[in-house]
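According to this note's numbering, the sequence shown is numbered sequentially starting from 1199. Glycine included, each C-beta is placed from N, C-alpha and C at the ideal position. Since the model is a prediction, treat every value here as computed from it, not as a measurement.
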Amino acid sequence: MSVDKITVQNLRLDYKSASLLETDVHQNPIIQFDIWFKQALDAQVLEPNAMTLATATANGLPQARIVLLKEFDAQGFVFYSNYDSQKGLTLLENPYAALVFFWGDLERQIRIEGVVERVSEAESEAYFKLRPRGSQLGALVSPQSTVIANRDFLEDKLQKLEKQFTNKDIPKPQHWGGFRVIPNKIEFWQGRRNRLHDRIVYTHQKDDSWKKVRLAP
1199 MSVDKITVQN LRLDYKSASL LETDVHQNPI IQFDIWFKQA LDAQVLEPNA
1249 MTLATATANG LPQARIVLLK EFDAQGFVFY SNYDSQKGLT LLENPYAALV
1299 FFWGDLERQI RIEGVVERVS EAESEAYFKL RPRGSQLGAL VSPQSTVIAN
1349 RDFLEDKLQK LEKQFTNKDI PKPQHWGGFR VIPNKIEFWQ GRRNRLHDRI
1399 VYTHQKDDSW KKVRLAP
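So this is what it looks like as structure tokens:
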């Protein structure tokens, strides 16, 4: 039984918790992201590092999924994945992506667009060693995005690998590692009353500075 169409149309929330003025934000969007991210942590937003990763195939077919941000700095925004997965292969053929963070409790959204590159093998190795042992094994177990017969395929393979690596370090698979989104545009969105939201967007310039403007909601 589906939800009534009128019910869906009437779902509405008037945002009123905060504002975002040009004078409120830092000139550097990475620093501004850091400020907002820390505020999301302080507000105990559920998985504040969860972000939509949007990609497109070489033919322009869009794809989107949720991934977890694991690092950010002046170089860009990093997440980790199986390079042979659908997203990994798509990024290989078309290395551009968009990220979206939505923190509903704060009535905020951040959109990031940019070029994608693989992080170095040394960076991937270093992060892999920090992962929980179960997550390390999971990277070996799953042939991500491929068809498998059933759940037992994963459970059986996990049990075999647990025995194989008892009291041993788990090696990082060659097909697993990080991607970095190098931003050329970052938009900060703050919900406001009457759908007149605040939108401040930064665009990266050739001299490595950032141009900041306001967009209509």
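{"Check": "To the nearest angstrom, report how far apart residue 1410 and residue 1290 are at their CA atoms.", "Outcome": "31 Å"}
{"Check": "To which residues does DSSP link residue 1363 through a beta bridge?", "Outcome": "Its beta-bridge partners do not exist; DSSP assigns none."}
{"Check": "Which of the three DSSP states, helix, strand or coil, is assigned to residue 1247?", "Outcome": "coil"}
{"Check": "Would you decide whether residue 1337 is buried or exposed? Buried here means 16 or more other CB atoms lie within 10 Å of its CB.", "Outcome": "buried"}
{"Check": "What does the alpha-carbon distance come out to for the pair residue 1399 and residue 1218?", "Outcome": "11 Å"}
{"Check": "Taking a contact to mean a Cβ-Cβ separation below 8 Å, would you say residue 1296 touches residue 1309 in this structure?", "Outcome": "yes"}
{"Check": "Please determine if the stretch 1267 to 1283 and the stretch 1372 to 1392 are in contact, where contact requires at least 3 C-beta pairs separated by less than 8 Å.", "Outcome": "yes"}
{"Check": "With distances taken Cα to Cα, identify the nearest neighbour of residue 1405 among 1382, 1395, 1413.", "Outcome": "1382"}
{"Check": "In chain order, what residues of the same chain have a beta carbon less than 7 Å from the beta carbon of residue 1214, not counting five sequence neighbours either side?", "Outcome": "1391"}
{"Check": "So, under 8 Å CB-CB, residue 1352 and residue 1333 are touching, yes? Tell me the CB distance rounded to an integer number of Å.", "Outcome": "With 8 Å as the limit, residue 1352 and residue 1333 do not qualify as a contact, their Cβ atoms being about 14 Å apart."}
{"Check": "Using the C-alpha atoms, what's the distance from residue 1413 back to residue 1250?", "Outcome": "22 Å"}
{"Check": "Beta-carbon within less than 7 Å of residue 1321's beta-carbon, same chain only, minus the 5 sequence neighbours each way: which residues are those?", "Outcome": "1376"}
{"Check": "Kindly list the residues whose CB is nearer than 7 Å to the CB of residue 1240, restricted to its own chain and excluding five residues on each side of it in sequence; keep chain order.", "Outcome": "none"}
{"Check": "Kindly list the residues whose CB is nearer than 8 Å to the CB of residue 1317, restricted to its own chain and excluding five residues on each side of it in sequence; keep chain order.", "Outcome": "1276, 1375, 1376, 1377, 1378"}
{"Check": "Does any CB atom of chain D fall closer than 8 Å to the CB of residue 1250?", "Outcome": "Here there is only one protein chain, and chain D is not present."}
{"Check": "Among 1300, 1358, 1305, 1205, whose alpha-carbon lies nearest the alpha-carbon of residue 1388?", "Outcome": "1305"}
{"Check": "Using 8 Å as the threshold, is the C-beta distance between residue 1273 and residue 1384 below it?", "Outcome": "no"}
{"Check": "Specify the secondary structure class of residue 1213 as computed by DSSP and reduced to three states.", "Outcome": "coil"}
{"Check": "Identify which residue in 1207, 1327, 1356 has its Cα closest to the Cα of residue 1319.", "Outcome": "1327"}
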